[in-house]
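Participant: Line order of the protein sequences matches chains A and B.
So in my numbering, spot 64 of the first sequence is number 97, and the numbers just go up one at a time.
So in my numbering, spot 97 of the second sequence is number 102, and the numbers just go up one at a time.
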Amino acid sequence: DTAVSQTPKYLVTQMGNDKSIKCEQNLGHDTMYWYKQDSKKFLKIMFSYNNKELIINETVPNRFSPKSPDKAHLNLHINSLELGDSAVYFCASSQDPLGRDTEAFFGQGTRLTVV
Amino acid sequence: AQSVTQPDIHITVSEGASLELRCNYSYGATPYLFWYVQSPGQGLQLLLKYFSGDTLVQGIKGFEAEFKRSQSSFNLRKPSVHWSDAAEYFCAVGVHYGQNFVFGPGTRLSVLP
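#1: Output, in sequence order along the chain, the residues in the segment 78 to 102 of chain A whose CB is closer than 7 angstroms to any CB in chain B.
#2: So A:E136 is in the beta strand (DSSP E); what residue range does that whole segment cover?
#3: CB-CB under 6 angstroms to B:S78, same chain, minus the five flanking residues each way: which ones, in chain order?
#4: Hey, B:A22 and B:V86: beta-carbon distance below 8 angstroms or not?
#5: Using 8 angstroms for Cβ pairs, my map puts B:N80 next to B:A70. What's the rounded Cβ distance?
#6: Compare the Cα-Cα distances from A:E136 to each of A:S127, A:R144 and A:G142 and report the closest residue.
#7: Can you tell which of B:F56, B:G58, B:F106 and B:K83 has the C-alpha that lies nearest to the C-alpha of B:L49?
#8: Can you name the residues of chain B whose CB is closer than 7 angstroms to the CB of A:G140?
#9: Determine contact between the segment 95 to 102 of chain A and the segment 33 to 44 of chain B, defined as no fewer than three beta-carbon pairs at a distance below 8 angstroms.
#10: Do the segment 43 to 63 of chain A and the segment 11 to 18 of chain B make contact, defined as three or more Cβ pairs closer than 8 angstroms?
#11: If the cut is a Cβ gap below 9 angstroms, which residues of chain A does B:F39 touch?
#12: Nearest chain B C-beta to A:K74 closer than 8 angstroms, yes or no?
#13: Since B:N105 is in the beta strand (DSSP E), which residue starts that stretch and which ends it?
#14: Are the CB atoms of A:I54 and A:N108 nearer to each other than 8 angstroms?
#15: According to DSSP, A:V147 sits in a beta bridge with which residue or residues?
#16: Per DSSP, what are the beta-bridge partners of A:I89 in this structure?
#17: With a threshold of 6 angstroms on Cβ separation, who are the neighbours of A:S101 within its own chain once the five nearest residues in sequence on each side are excluded?
#18: Taking the DSSP output, what are the residues bridged to B:K54?
#19: Can you look up B:G111 in the DSSP assignment and give me helix, strand or coil?
#20: Between the C-alpha atoms of A:T40 and B:S89, what's the straight-line distance to the nearest angstrom?
#21: Is the beta carbon of B:V42 less than 8 angstroms from the beta carbon of B:F108?
#22: Note down the Cα distance separating A:A125 from A:Y68, rounded to an integer number of angstroms.
#23: Please report the residue range of the beta strand (DSSP E) in which A:L116 lies.
Spelled out as structure tokens, the structure:
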């Protein structure tokens with residue numbers, strides 16, 4: 034029983050294409066996130082949703098659009114893919130939006146390669 | 006703004022040796038602190054966390070960390086490293102409002118046989 038699952042694990046696509054990464058958590062958490070890990074392993078938050086509402090939207094190109102159909106899902110859509118979008122994208126979830134006694138549970142990551 | 010620094014980009018130790026990975030944070034309020042480990046090609050696994058109370062916290066896989074408020078540090082330690090500990094280690098601070106986890110740049114640990 035995977036707590037936070039992402040699909041696909043690997044994604045290779047051409048420049049200009051539109052792609053989606055799906056994320057689901059079965060932990061009953063209220064908050065979900067998308068993080069981007071670049072080639073230097075640096076992890077940076079992209080979006081955070083609490084109860085399906087966007088609460089963090091970092092400086093990310095508007096080609097990236099998160100969608101949360103329900104509390105358990107947070108999908109990431111990327112339009113007009115560029116070479117610089119190549120990275121590992123991690124989905125995560127946590128229980129308490131106020132940060133009390135909580136931790137983030139991460140998915141296995143999606144390695145996106147744009148060619 | 007909150008930030009996390011990990012001064013050591015890469016550390017190499019021999020199997021059986023002790024280990025200390027450094028982490029310093031900058032945050033205005035009482036921090037929630039975490040150490041995560043990322044094995045090659047894997048996601049992030051929580052090693053331990055500090056919210057309050059005893060400043061020495063125990064985690065999984067024999068790791069521990071000590072919170073020192075005066076030094077704004079949360080260093081990770083292990084008395085005897087195993088070859089399977091080779092991985093990338095990330096220190097993180099939990100931001101109370103807006104719910105965010107800010108990660109340090111990571112320290113890559115290599116273990117010599």
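Glycine included, every Cβ here is placed at the ideal spot set by N, Cα and C.
Since the structure is predicted, the reported quantities are computational estimates derived from the model, not experimental observations.
Facilitator: Based on what the coordinates show:
#1: I78, S81, N83, I88 and I89
#2: A:E136 -> no beta strand (DSSP E), and no H or E assigned at all.
#3: N29
#4: yes
#5: 6 angstroms
#6: A:S127
#7: B:F106
#8: G48
#9: no
#10: no
#11: E136 and A137
#12: yes
#13: N105 to F108
#14: yes
#15: A:T46
#16: A:S81
#17: Y82, K85 and L107
#18: B:F39
#19: coil
#20: 27 angstroms
#21: no
#22: 8 angstroms
#23: Premise fails: A:L116 is in no beta strand (DSSP E) and is neither H nor E.
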